[in-house]
Amino acid sequence: MDQSLPSSDPSGAEALPVPEPILEVAGLSKSYGENWAVKGISLVLRPGEVLGLVGPNGAGKTTTLRTIAGVLPIESGTVRIAGHDLERDELEAKRHLAWVPDQPTPFDALTVWEHLEFTAALYRVANWKERALELLETFELAGRRDALGGELSRGMCQKLALCTALLHEPRLLLLDEPLSGLDPVGIRAAKRAVFDLAARGGAVVLSSHLLGVVQELSSRLAIVRGGRVLFDGHLDDARRAASAGADSDLEAVFFAVTDGAGLDQDAAPIVDAALAPIDADGRPRNDAPDDAVSRASEVER
């Protein structure tokens, strides 16, 4: 399909083509019982873009990410990843995707190296060992390659999740609070990974309550409240929309756009449901262990 924009140059110079989207979300909605966590969210992300997804607790950020990742089923709307419909062509769509949940939980009985080996087999990554060693060195896990998943600290679990996510060089990287628990080395490595992936033509969706980090890493912002996107665009546009000063940081803009919201009204049931364990079909479970969601997320990835 011709993606060229009409030329506005009076000389008749041909316009540059618009890159095909890596992520297309249209009318995405998701409910937990009678509570709607996501209400018709639409997003388009193109190569080289890093989208900062921010909003108060209960805004629908995590549910949106889990649905895009295929961890939760799509209730209504569509998700396309690298041109592949997530429902109709799930395996091909997920081949281009990597997902790091907010609390990744490795398999207790697998070593760090075996996690990477498993991921390489899952995505059919050729000559993966050199890439795996490079990632372990970058995140300072090389000395722990034989450690079992159950022996890792919170920060090491986060580093391992980032390593497995980056191993197959995804076109779309979804990150939910990716810096949680990381030491300074891990934080620097994670930031560089985001910049490097975008520079290679990939795309990243980053959700974090650390607004300074979001401002530093993101080329675009989506401010979400009540399951809806209140704003989608660049920070300068957000400043103008919020009638904020030209030098206002994201924190000031965020509170202006959301009217100082810390927790969406009536959001508690949504927060509880969004963080609840889920079964194989994505339905919330009440009998699953606390780490079931993160483990399911890791398997899905």
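Taking the UniProt record's numbering, I'd label the letters of the sequence shown as residues 1 to 301.
Don't be surprised by glycine CBs; every beta carbon is placed ideally from N, CA and C.
Which stretch, first to last residue, makes up the beta strand (DSSP E) that contains residue i?
{"i": "residue 121", "result": "Run containing residue 121: none in the beta strand (DSSP E); it sits in the alpha helix (DSSP H), 112 to 123."}
{"i": "residue 41", "result": "35 to 45"}
Spell out the partners DSSP gives residue i in its beta bridges.
{"i": "residue 98", "result": "173"}
{"i": "residue 85", "result": "80"}
{"i": "residue 53", "result": "207, 222"}
{"i": "residue 230", "result": "None, per the DSSP bridge assignment."}
{"i": "residue 148", "result": "111"}
What number of angstroms, rounded off, separates the C-alpha of residue i from the C-alpha of residue j?
{"i": "residue 226", "j": "residue 38", "result": "7 Å"}
{"i": "residue 215", "j": "residue 41", "result": "22 Å"}
{"i": "residue 271", "j": "residue 32", "result": "Any reading at residue 271 must be qualified, since the residue scores a pLDDT of 40, below 50, and its modelled position is unreliable; the value itself is stated next. Their backbone Cα atoms lie some 10 Å apart in a straight line."}
{"i": "residue 243", "j": "residue 252", "result": "11 Å"}
{"i": "residue 77", "j": "residue 71", "result": "15 Å"}
{"i": "residue 180", "j": "residue 217", "result": "15 Å"}
{"i": "residue 256", "j": "residue 208", "result": "18 Å"}
{"i": "residue 212", "j": "residue 56", "result": "15 Å"}
{"i": "residue 230", "j": "residue 224", "result": "6 Å"}
{"i": "residue 310", "j": "residue 178", "result": "Examination of residue 310 is not possible in this model, given that the chain is present from 1 through 301 alone."}
{"i": "residue 52", "j": "residue 92", "result": "25 Å"}
{"i": "residue 264", "j": "residue 127", "result": "Confidence in residue 264 is poor, its pLDDT being 43 and thus under 50, which makes the residue's placement too unreliable to answer from."}
Any beta carbon of chain B sitting closer than 9 Å to that of residue i?
{"i": "residue 140", "result": "This model lacks chain B altogether, as it is built from one protein chain only."}
At which residues does the alpha helix (DSSP H) containing residue i begin and terminate?
{"i": "residue 25", "result": "Run containing residue 25: none in the alpha helix (DSSP H); it sits in the beta strand (DSSP E), 23 to 32."}
{"i": "residue 257", "result": "250 to 257"}
{"i": "residue 158", "result": "154 to 167"}
{"i": "residue 65", "result": "61 to 68"}
{"i": "residue 187", "result": "184 to 199"}
{"i": "residue 72", "result": "Counting along the chain, residue 72 falls outside any alpha helix (DSSP H), and DSSP gives it neither H nor E."}
{"i": "residue 126", "result": "Neither: residue 126 is in no alpha helix (DSSP H) and is coded neither H nor E."}
{"i": "residue 237", "result": "235 to 241"}
*Contact between the segment 147 to 166 and the segment 75 to 87 (3+ Cβ pairs under 8 Å)*: Contact between the segment 147 to 166 and the segment 75 to 87 is not established, with fewer than three Cβ pairs separated by less than 8 Å.
*Would you be able to state if there are at least three C-beta pairs under 8 Å between the segment 181 to 189 and the segment 139 to 154?*
Result yes; three or more Cβ-Cβ pairs closer than 8 Å.
*asked:* If contact is defined by three or more beta carbon pairs under 8 Å, each pair taking one atom from either stretch, is the segment 195 to 209 in contact with the segment 226 to 236?
replied: Short answer: they don't touch.
*Would you say the segment 158 to 169 touches the segment 94 to 111, given that touching needs at least three Cβ pairs under 8 Å?*
Under the 8 Å Cβ criterion, the segment 158 to 169 counts as touching the segment 94 to 111, having at least three qualifying pairs.
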